[in-house]
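Trainee: In terms of the numbering used here, the sequence shown is residues 312 to 804. In this text, a Cβ means the ideal position worked out from N, Cα and C, and glycines have one as well. Next up is a structure, given as structure tokens.
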Amino acid sequence: MQLYKNQPLKIYNSLSSKKDTFKPIDEGYVGMYVCGPTVYSNVHLGNVRTFMSFDMIFRYFKHLGFKVRYVRNITDAGHLENDADEGEDRIAKKARLEKIEPMEVVQMYTVDFHNTLNKFNFLPPSIEPTATGHIIEQIEIIKTILDKGLAYEINGSVYFDVLKFNETKKYGILSGRNVEDLIHNTRALDGQSDKKNPQDFALWKKAEPQHIMRWPSPWSDGFPGWHLECTAMSTKYLGEQFDIHGGGMDLKFPHHECEIAQAEACNGHSPVNTWMHANMLTLNGQKMAKSTGNNILPHEIFTGENDNLSKAFSPSVARFFMMQAHYRSILDFSNDALEASEKGFNKLIDAINTLGKLTVNDTSSFNIEAWKADCYKAMNDDFNTPILIAELFSAVKFINQVKDGKATISKEDLELLTQTLHAFVFDILGLLNDTNGDDGSEKLSDTVEVLIKMRAEARANKDFALSDKIRDELLAVGIQLKDGKDGTSFSTN
Ligand SMILES: [Zn+2]
């Protein structure tokens, strides 16, 4: 269904610094590129949040009926330790320290990345290209930029000439920096560098003799600059101009700024219509850092084995927690916040599990169509998931009122409510019905139903000692029975 025809979507564009109405280049199609991980260590929880935001965005576009080509790359070469084109390649350094092949490092952490994302119920992107698989394309781009006179070669390395580019185009449009400030603020060259100016950036670096990750090129045996791979892969799979480019806020400068400059130098126009940036995740109000212990690895959430956690949480609870904040807001992760999210998530899933047991009426005391429109309104306002979740809880409240006989719902409305809740909770927010871990929720529910039946039989036989025993023992393990006019129900809170 082409829902997008009646759903005008506004997206905050980092390039215009405002919410713009989304107009795809080709009607019905969306091309989206998101900078993927550099696979030299376990994926960071903050990165999981960034990728989760784009997973939700990918899911919403698909829900609206767009055909989406979502490209998320794997950086497996060229990302140096610092942004000034200095230091060792992060992957090569890890390989040296662990005494293994760089491609073993890449394999190990690519597998970890995929496993982690699968746990959080991510959809795979349409294409997941690697930097090392696109060296030829990167060399071709460098040749074009050199031909246009916007790069220079020195001692086997090639650098992008930012000042030359800035004579006819504007460098810094995304991050709002201007070249004069950059010249002023960039650390002076230390004499080791071949660059003409400190703000220039590497397109190709000649490899030192000890550098293992190297490829032949017209200039030297070396490796591409980090910013180049994204230009090569986005152009190859999405074209010279595409709809959306996303990434973490920290990539805005210099990475995305350099991508814009490279693409404009090659093709003469801006490569991306909408730039989207997801905000960071803090832990207990502080930046996460391994060195201070203020850090959580994603898998530690599922085991609870981290000093910052009092217990284990399910992947859906963690996902629900992240979706409770807008993707452009800073989100603070803490044990208390996760516990609160767990309560909310369980309440939401309990209400969804109740839907099939509700008694229908001729009329509804809640306007489901208007509520559904509000859910879309929230998502169409720059993917506002916290507002959407607030709307979902209006439905939860209503479902519980129907259950308690304080509100009514018609058969048609019950169908519409069920369908809409499933679409937003499972398809778009990407949550799973796993309140009791894996598939335990249904089994628990069936088991309690058996006990409820046995208790009813005991009461019918006037065996109140047994019926009370069943009730009390269930309560002791945290399951509360409630007797109502439609029989007995239970809750786990
Ligand atoms: Zn990138």
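Ordered along the chain, which non-local residues of its own chain (more than five positions away) have a Cβ less than 8 Å from that of A572?
Mentor: F471, V473, F476, K480 and Y482
Trainee: With a Cβ-Cβ cutoff of 7 Å, do T719 and T674 count as a contact?
Mentor: Their beta carbons are under 7 Å apart, which means T719 touches T674 by this criterion.
Trainee: Put A513 into one of helix, strand or coil per three-state DSSP.
Mentor: Reduced to three states, the DSSP call for A513 is strand.
Trainee: D554 lies in the alpha helix (DSSP H); which residues open and close that run?
Mentor: Element bounds for D554: not the alpha helix (DSSP H) but the beta strand (DSSP E), F553 to G559.
Trainee: Nearest to S531 by CA position, among N691, K516 and C541, is which residue?
Mentor: Looking at the Cα atoms, K516 is the closest of the given residues.
Trainee: Do you know whose CA, among H733, F656, H445 and L594, lies nearest D745's CA?
Mentor: When only C-alpha atoms are compared, the closest one is F656.
Trainee: Got a sec: does ligand 1 put a non-hydrogen atom nearer than 6 Å to the Cβ of C686?
Mentor: no
Trainee: Return yes when the C-beta of C541 is under 6 Å from any heavy atom of ligand 1, and no when it is not.
Mentor: Because some heavy atom of ligand 1 lies under 6 Å away, the Cβ of C541 counts as near it: yes.
Trainee: Which residues in the same chain as M363 place their Cβ atom closer than 6 Å to its Cβ, once the five residues preceding and following it in sequence are excluded?
Mentor: M633
Trainee: Just to check, is the beta-carbon of C577 closer than 6 Å to a non-hydrogen atom of ligand 1?
Mentor: Proximity of the beta carbon of C577 to ligand 1 is not indicated: no heavy atom of the ligand is located closer than 6 Å.
Trainee: With a threshold of 6 Å (Cβ to nearest heavy atom), would C346 be considered close to ligand 1?
Mentor: yes
Trainee: Classify D673 as helix, strand or coil using the three-state DSSP reduction.
Mentor: coil
Trainee: Assuming L703 and L659 make a contact with CB atoms under 8 Å, what is their CB distance in whole Å?
Mentor: 6 Å
Trainee: Take L743 and list the residues in its own chain whose beta-carbon comes closer than 6 Å to its own, dropping the five residues that flank it on each side.
Mentor: N432 and S627
Trainee: Less than 7 Å between the beta carbons of S640 and N590, yes or no?
Mentor: yes
Trainee: Can you name the residues that DSSP bridges to L301?
Mentor: Because residue 301 is not part of the residues shown, which for the chain are 312 to 804, the question remains open.
Trainee: L642 and L592: beta carbons closer than 7 Å?
Mentor: yes
Trainee: Could you name the residues of the same chain whose beta carbon sits closer than 6 Å to that of K430, not counting the 5 residues immediately before and after it, in chain order?
Mentor: P626
Trainee: Looking only at its own chain, which residues have a Cβ that is under 6 Å from the Cβ of Q313, when we skip the five neighbours before and after it?
Mentor: Contacts found: G376.
Trainee: Can you give the Cα-Cα distance for F553 and L786, rounded to whole angstroms?
Mentor: 57 Å
Trainee: Is the CB-CB distance between G557 and V345 below 7 Å?
Mentor: yes
Trainee: In the DSSP assignment, find the unbroken beta strand (DSSP E) run with V383 in it and report its ends.
Mentor: At residue 383 the sequence reads Arg, which differs from the Val that was named. Run containing R383: K378 to R383, per the beta strand (DSSP E) assignment.
Trainee: For H580, count neighbouring Cβ atoms within 10 angstroms of its own Cβ and tell me buried if that reaches 16, exposed if not.
Mentor: exposed
Trainee: Can you tell me the Cβ-Cβ gap for K321 and D693, rounded? I've got them flagged as a contact below 8 Å.
Mentor: 6 Å
Trainee: Are E575 and L485 close, meaning C-beta to C-beta below 7 Å?
Mentor: no
Trainee: Are I790 and T799 closer than 7 Å when you measure CB to CB?
Mentor: One thing to note: I790 has its Cβ no nearer than 7 Å to the Cβ of T799.
Trainee: Going by the beta-carbon positions, is the gap between I385 and T441 smaller than 7 Å?
Mentor: yes
Trainee: Taking the continuous alpha helix (DSSP H) assigned at K601, which residues delimit it?
Mentor: In the DSSP annotation of this structure, K601 is not part of any alpha helix (DSSP H), being labelled neither H nor E.
Trainee: Roughly how many angstroms lie between the CA atoms of H588 and E680, to the nearest whole one?
Mentor: The straight-line gap from Cα to Cα measures roughly 32 Å.
Trainee: Taking only runs that begin and end inside the segment 327-381, name each unbroken alpha helix (DSSP H) of 4 or more residues, in chain order.
Mentor: Counting only runs of 4 or more, we get 356-374.
Trainee: Assuming N358 and G559 make a contact with CB atoms under 8 Å, what is their CB distance in whole Å?
Mentor: Contact between N358 and G559 holds: CB atoms are separated by about 7 Å, below the 8 Å threshold.
Trainee: Taking all protein chains shown into account, decide if K773 is buried (16 or more other Cβ within 10 angstroms of its Cβ) or exposed.
Mentor: Around the beta-carbon of K773, fewer than 16 other beta-carbon atoms lie within 10 Å, marking it exposed.
Trainee: Who does N324 pair with in a DSSP beta bridge?
Mentor: Answer is K329, bridged to N324.
Trainee: Within the same chain, show all residues whose beta-carbon is closer than 8 Å to that of V788, passing over the 5 residues directly before and after it, in chain order.
Mentor: If we look at V788 and ignore the five residues flanking it on each side, it has no Cβ neighbours.
Trainee: On the three-state DSSP scale, how would you describe M587?
Mentor: In the structure shown, M587 sits in a strand (DSSP, three-state: E or B).
Trainee: Apply the 10 Å Cβ neighbour rule to T427 and answer buried if 16 or more other Cβ atoms are within range, or exposed otherwise.
Mentor: Flag for T427 reads buried.
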